[in-house]
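Accompanying notes for the structure given below.
In the working numbering, the protein residues as written are 91 to 367.
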């Protein structure tokens with residue numbers, strides 16, 4: 091215990107309960123010294139600066155931008171979910187891929203005499219003669235692939251790069267550029283219709299990927315070259331070669347193969363009989 095014998099003294103003299111006395115100079119002993127006022131730690135007060143008007147406006151703008159970005163992200167996610175749901179519905183309602191439709195195409199029938207000579211032919215609504223891929227010149231096959239589907243031998247029925255490129259081209263220039271692969275065109279020509287709608291395009295892509303799992307690339311190319319419309323009521327490359335050039339496929343030159351491949355974009359405008367002969 092301590093008590094002060096001298097008023098105003100900054101030190102407290104220790105109190106001896108046994109009545110003893112202390113030596114002079116005890117005040118200088120650190121053991122009995124009270125901490126000075128300056129030694130006592132003080133509680134710090136943190137002052138928050140007030141936002142000035144420019145800082146307040148900047149803060150509001152930053153928060154507004156954050157909110158806008160958040161809303162855009164949420165709307166984008168909602169839109170993506172809706173698109174996926176619609177696409178899934180279109181694929182589930184797509185017609186069954188009936189492979190018999192690829193062979194069940196309108197063909198031209200021929201009547202022969204006893205010596206095997208053609209007497210006459212009977213054309214259906216579509217003038218077509220089916221030909222095996224082995225009878226089609228390599229130049230002809232390469233020409234159609236180069237014009238219609240350069241990545242035909244590597245994709246799985248749809249060409250994502252081409253779809254994106256077509257979308258950008260259509261958006262920037264306003265021109266219509268197709269993104270369909272040869273497999274998709276075959277599906278459109280045999281299973282689906284020519285309806286211009288997102289539903290048909292989604293179903294076309296879905297069925298094209300299915301077809302790629304059932305046939306080889308050469309089989310798909312053969313069906314395509316036998317069903318493609320080339321103008322003048324010519325369906326398939328065989329009747330087109332006979333009609334435009336009076337030749338069999340095996341007799342076509344490189345120039346004539348390229349000309350037939352170019353007809354797919356606009357059979358009327360590029361008609362070789364009308365423009366070149």
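A virtual CB, placed ideally from N, CA and C, is assigned to each residue, including glycine. No experiment lies behind these values; they were computed from the predicted model shown.
Beta carbon of residue i nearer than 9 Å to that of residue j
i, j, result
"residue 282", "residue 297", "yes"
"residue 218", "residue 321", "no"
"residue 234", "residue 317", "no"
"residue 339", "residue 328", "yes"
"residue 274", "residue 294", "yes"
"residue 276", "residue 324", "no"
"residue 319", "residue 363", "no"
"residue 238", "residue 292", "no"
"residue 358", "residue 352", "no"
"residue 315", "residue 250", "no"
"residue 246", "residue 299", "yes"
"residue 288", "residue 180", "yes"
"residue 252", "residue 269", "yes"
"residue 242", "residue 178", "no"
One or two residues paired with residue i in a DSSP bridge
i, result
"residue 363", "Note: residue 363 sits in no beta bridge, so no partner."
"residue 217", "324"
Test: residue i CB closer than 9 Å to a CB of chain D
i, result
"residue 234", "Here there is only one protein chain, and chain D is not present."
8 Å CB neighbourhood of residue i in its chain, flanking five on each side removed
i, result
"residue 188", "281"
"residue 155", "none"
"residue 51", "Because residue 51 is not part of the residues shown, which for the chain are 91 to 367, the question remains open."
Close-in-space but distant-in-sequence residues of the same chain around residue i (CB under 6 Å, 5 per side omitted)
i, result
"residue 330", "320, 324 and 350"
"residue 279", "317"
"residue 183", "none"
"residue 221", "328"
"residue 341", "none"
"residue 192", "280 and 313"
"residue 337", "331"
Residues near residue i by beta carbon distance below 7 Å, same chain, minus five either side
i, result
"residue 159", "none"
"residue 186", "none"
**Q.** Validate contact between the region 227–242 and the region 345–358 using beta carbons, cut 8 Å, 3 pairs
**A.** Yes: the two stretches touch, three or more of their Cβ pairs being nearer than 8 Å.
Q) Are the region 166–175 and the region 241–259 in contact at 8 Å, needing three or more beta carbon pairs? A) No: fewer than three Cβ pairs fall under 8 Å.
Q: Any chance you could list the alpha helix (DSSP H) runs of at least 4 consecutive residues sitting entirely within the region 296–320, in chain order?
A: Whole alpha helix (DSSP H) segments, 4+ residues: 307–317.
Q) Can you list, in chain order, the stretches of the alpha helix (DSSP H) that have 4 or more residues and sit fully within the region 228–261? A) 228–238
Q: Let me know the beta strand (DSSP E) ranges lying completely inside the region 145–184, each 3 residues or longer, listed in chain order.
A: none
Q: Run through the region 332–362 for me and flag every whole alpha helix (DSSP H) of 4 or more residues, listed as ranges in chain order.
A: Within the region 332–362, the complete alpha helix (DSSP H) runs of at least 4 residues are 344–352.
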